[in-house]
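Undergrad:
There are 2 protein chains.
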Amino acid sequence: MTETKNSDMGALLRDKAQLVDSMLKTLLTEQTKIDPSLKQAMSYSLFAPGKRIRSALVLWCCEVVSSSINRNAEIAAAAIEMVHTYSLIHDDLPAMDDDDFRRGQPTCHKAFDEATAILAGDGLLTFAFKALSTHVAEPNLVIRLIGQLAEAAGPAGMIAGQIADLNAERTTPSIETLEGIHINKTAKMFQCASAMGAICGGANDRQLMCLREYGLKIGLGYQIADDILDVSASSEQLGKTAGKDSKAGKATYPALIGMGKSKQIAEKLAHEAVATLGLFGEEADPLRQLAIALVKRTK
Amino acid sequence: MTETKNSDMGALLRDKAQLVDSMLKTLLTEQTKIDPSLKQAMSYSLFAPGKRIRSALVLWCCEVVSSSINRNAEIAAAAIEMVHTYSLIHDDLPAMDDDDFRRGQPTCHKAFDEATAILAGDGLLTFAFKALSTHVAEPNLVIRLIGQLAEAAGPAGMIAGQIADLNAERTTPSIETLEGIHINKTAKMFQCASAMGAICGGANDRQLMCLREYGLKIGLGYQIADDILDVSASSEQLGKTAGKDSKAGKATYPALIGMGKSKQIAEKLAHEAVATLGLFGEEADPLRQLAIALVKRTK
Chain A
11 MTETKNSDMG
21 ALLRDKAQLV
31 DSMLKTLLTE
41 QTKIDPSLKQ
51 AMSYSLFAPG
61 KRIRSALVLW
71 CCEVVSSSIN
81 RNAEIAAAAI
91 EMVHTYSLIH
101 DDLPAMDDDD
111 FRRGQPTCHK
121 AFDEATAILA
131 GDGLLTFAFK
141 ALSTHVAEPN
151 LVIRLIGQLA
161 EAAGPAGMIA
171 GQIADLNAER
181 TTPSIETLEG
191 IHINKTAKMF
201 QCASAMGAIC
211 GGANDRQLMC
221 LREYGLKIGL
231 GYQIADDILD
241 VSASSEQLGK
251 TAGKDSKAGK
261 ATYPALIGMG
271 KSKQIAEKLA
281 HEAVATLGLF
291 GEEADPLRQL
301 AIALVKRTK
Chain B
11 MTETKNSDMG
21 ALLRDKAQLV
31 DSMLKTLLTE
41 QTKIDPSLKQ
51 AMSYSLFAPG
61 KRIRSALVLW
71 CCEVVSSSIN
81 RNAEIAAAAI
91 EMVHTYSLIH
101 DDLPAMDDDD
111 FRRGQPTCHK
121 AFDEATAILA
131 GDGLLTFAFK
141 ALSTHVAEPN
151 LVIRLIGQLA
161 EAAGPAGMIA
171 GQIADLNAER
181 TTPSIETLEG
191 IHINKTAKMF
201 QCASAMGAIC
211 GGANDRQLMC
221 LREYGLKIGL
231 GYQIADDILD
241 VSASSEQLGK
251 TAGKDSKAGK
261 ATYPALIGMG
271 KSKQIAEKLA
281 HEAVATLGLF
291 GEEADPLRQL
301 AIALVKRTK
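Chains as they are written, first to last, in this note's numbering: chain A, 11 to 309; chain B, 11 to 309.
1. Between which two residues does the alpha helix (DSSP H) harbouring B:Thr-136 extend?
2. Exposed or buried, B:Leu-289, counting other C-beta atoms within 10 Å across all chains shown (16 or more means buried)?
3. Tell me the rounded alpha-carbon separation between B:Val-241 and A:His-145.
4. If I measure Cβ to Cβ from A:Ile-7 and keep anything under 7 Å in the same chain, skipping five residues before and after, which residues do I get?
5. Strictly under 8 Å for the Cβ-Cβ distance: is A:Thr-14 near chain B by that measure?
6. Whole angstroms are fine: how far does the CA of A:Val-68 sit from the CA of A:Glu-40?
7. Name the two residues that bound the continuous alpha helix (DSSP H) containing A:Gly-212.
8. Along chain B, which residues have their Cβ under 8 Å away from the Cβ of A:Glu-73?
9. Run through DSSP, which three-state label would A:Gln-41 get?
10. Against chain C, does A:Met-206 count as a neighbour if the rule is that its beta carbon must be under 8 Å from one of theirs?
11. Report, in whole angstroms, the separation of the C-beta atoms of B:Leu-38 and A:Ala-170, which I expect to be a contact under 8 Å.
12. Per the contact definition of three or more C-beta pairs closer than 8 Å, is the region 80-96 of chain B in contact with the region 194-205 of chain B?
13. Is it the case that the Cβ atoms of A:Val-30 and A:Ala-294 are separated by a distance below 8 Å?
14. Taking only beta carbons into account, state which residues of the region 155-173 of chain A come closer than 7 Å to chain B, listed in chain order.
15. Under a CB-based cut-off of 8 Å, is A:Ile-44 close to chain B?
16. Looking at the structure shown, is B:Arg-81 part of a helix, part of a strand, or coil, going by DSSP?
17. Distance, Cα to Cα, B:Phe-139 vs A:Thr-36?
18. Counting only beta-carbon separations shorter than 8 Å, does A:Leu-176 have a partner in chain B?
19. Buried or exposed: which applies to A:Lys-257, given that a residue is buried once 16 or more other Cβ atoms fall within 10 Å of its Cβ?
20. Compare the C-beta of B:Asn-82 with all C-beta atoms of chain A and state if any pair is closer than 8 Å.
21. Quick one: Cα of B:Ala-208 to Cα of A:Glu-277, how far?
22. I'd like the span of the alpha helix (DSSP H) that includes B:Ser-55, first residue to last.
23. According to the neighbour-count rule (16 or more other Cβ atoms, all chains shown, within 10 Å of its Cβ), is B:Gln-28 buried or exposed?
24. Please list the partners that B:Ser-47 has in chain A, where partner means a Cβ-to-Cβ separation under 7 Å.
25. Any contact of the region 221-235 of chain B with the region 186-199 of chain B, i.e. 3+ C-beta pairs under 8 Å?
26. Quick check: what's the CA-CA separation for B:Ile-153 versus A:Ser-143?
27. Tell me the DSSP bridge mates of A:Phe-116?
28. Report the residue from A:Ala-162, A:Ala-66, A:Phe-57, A:Phe-122 whose alpha carbon sits nearest the alpha carbon of A:Arg-113.
29. Would you call B:Arg-180 buried or exposed, if buried means 16 or more other Cβ atoms sit within 10 Å of its Cβ?
30. Rounded to whole angstroms, what is the Cα-Cα separation between A:Thr-117 and A:Asp-123?
31. Which residue's Cα is closest to the Cα of B:His-192: B:Arg-216, B:Gly-229, B:Asp-101?
32. Between the region 210-223 of chain B and chain A, which residues of the former have a C-beta closer than 8 Å to a C-beta of the latter?
33. So, A:Leu-239 versus A:Thr-286, is the Cβ gap smaller than 8 Å?
34. Can you find a CB in chain A that lies within less than 8 Å of the CB of B:Ala-58?
35. Measure the beta-carbon distance from B:Ala-160 to A:Thr-136 and round it to whole angstroms, keeping in mind my assumption that it falls under 8 Å.
36. In this structure, how does DSSP classify A:Gly-259 when only helix, strand and coil are distinguished?
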């Protein structure tokens, strides 16, 4: 059942994912000086069948405010996907979550080795900033995009979430603390994706604020859904090891407040996300559908 | 004896190092949202007593072309020091060079743990780009600085050097291959430091080209001197484990072409570095002294 619901989301994302993959290939192919063994490991993780939700968000938010996807948004989408992939590679390392399986294939350090995985992650993170600084057309836009990405992915964002997540293992944090971890670890990158897309589309302040709020809501909802699926779905359905969080003694929404309450909160967040889009007409329908597909996954 | 020679270089760098430390402290202190345990690990490695050569180069090159150090150069110097420190933290990890001792104190993963060290490195790398995008005044300057740094530190630069270095362990590469590894691993970051400083100082094309060339020469010379000192100096003198490279089966200049020839090449590079400075008067004397101090270390 989860599989069907996952494919609802997959269908919604497919076109955008293809566009992102194509831009990622172009950017990597242009780089002829990258060490070949490093490039192989970077490509291995980058082109593993991911859902491309964050990068699709960049493209949709650009489309919502400007009726079309421009090249700057495609570069921004590729950059956020590189940063997301680096975070997965490092997160899966033995010293971190120690996972063998990701996006339906062996993790980077299993397919290559730990040193290569560390460096492939470092390479993707650095390359994301290089791509933005080289390929985005206007200087002011480059700065805003890099500022957003470095803030969301940095030590006050995603990395703060990752370390707090590790530090909370085998403890029972309050639900407020866990919410803070999920916001840092996941929701800020969704928020960043929405903001980058909106900025590329030339959003005004009000549009930007709404889309940032949308990103934060569905990002938190997505992470709670992930907690739920870790308990309820199989490894095959997830493309990564199921039941991993509870085995690692990780704090999750279902562990803290139960499955029923967790599903309610995920649903509430999806509705709140849709409500942030009142400013927009049918051009924002894909964002509304994404919020709904997100909750459907957990049912 | 090496200790005396190291302190020649230390004396030359001291004022600049203080300026860089002060800027690093300002930048980190401003960031109140960084996770505290992460900030502690980042600060631990960042403020370990390093020589600050790369960041001093940024400041000197700015001074050489504009007669003074401006705030943009101070930010760029801090950013390159963050990136250098991240590279040391990751390089010392058990899966990489597996080192317990760096800058005279336990390495980051020994003082904290592996997960924290990986994330502290990731945090410093990301924060460097954040600092440049937020604090450097002119958009065009930000883009040039970020472009230089991401290129030099990225998968076609330092990271390519690190993976090639690991792949060359227990092999006997040609001296040309080893030179390529050293250029990627070390010299490109010195070149980048010179370029960033020159750009902040408003260098013209000819000045920029000369200072980039200077950086590349002393960067390669510095790495060869490092190879020499790994054999000839004690761990106490180095502040890191001595004899490490040969024990790890790493290809080094002394191992490939002998100690005498290695010292000759380091000396030749220092002279060539000085020769690139013909365009400049006595304002470039610190750069000349640095090149000479570099060779003196190995005697």
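Positions of the beta carbon are idealized from the N, C-alpha and C atoms, including for glycine. Since this is a predicted model, take the numbers as computed values, not measurements.
TA: In short:
1. 124-145
2. exposed
3. 44 Å
4. As shown, chain A starts at 11 and ends at 309. That puts residue 7 of chain A outside it, with no answer to give.
5. Since pLDDT at A:Thr-14 reaches only 41, below the 50 mark, its modelled position is unreliable, and the value read off the structure follows with that caveat. The beta carbon of A:Thr-14 sits no closer than 8 Å to any beta carbon of chain B.
6. 22 Å
7. Where A:Gly-212 is concerned, there is no enclosing alpha helix (DSSP H), given that its DSSP letter is neither H nor E.
8. What A:Glu-73 touches in chain B: nothing, since even the nearest Cβ is about 25 Å away.
9. coil
10. The chain inventory of the structure shown lacks chain C, comprising the protein chains A and B.
11. Contact doesn't hold; Cβ gap of about 14 Å is too wide.
12. yes
13. no
14. Ile-156, Gly-157, Ala-160, Glu-161, Ala-163, Gly-164, Pro-165, Ala-166, Ile-169, Ala-170, Gln-172, Ile-173
15. Cβ-Cβ to chain B under 8 Å: yes for A:Ile-44.
16. helix
17. 23 Å
18. yes
19. exposed
20. no
21. 54 Å
22. 46-56
23. exposed
24. Within chain A, the residues near B:Ser-47 are Ile-173, Asn-177.
25. yes
26. 6 Å
27. The sequence shown places Pro at residue 116 of chain A, not Phe. Bridge partners of A:Pro-116: A:Phe-111.
28. A:Phe-57
29. exposed
30. 10 Å
31. Restricting attention to B:Arg-216, B:Gly-229, B:Asp-101, the CA atom closest to the CA of B:His-192 is found in B:Gly-229.
32. none
33. no
34. Chain A, which has no Cβ nearer than 8 Å to the Cβ of B:Ala-58, makes this no.
35. 5 Å
36. coil
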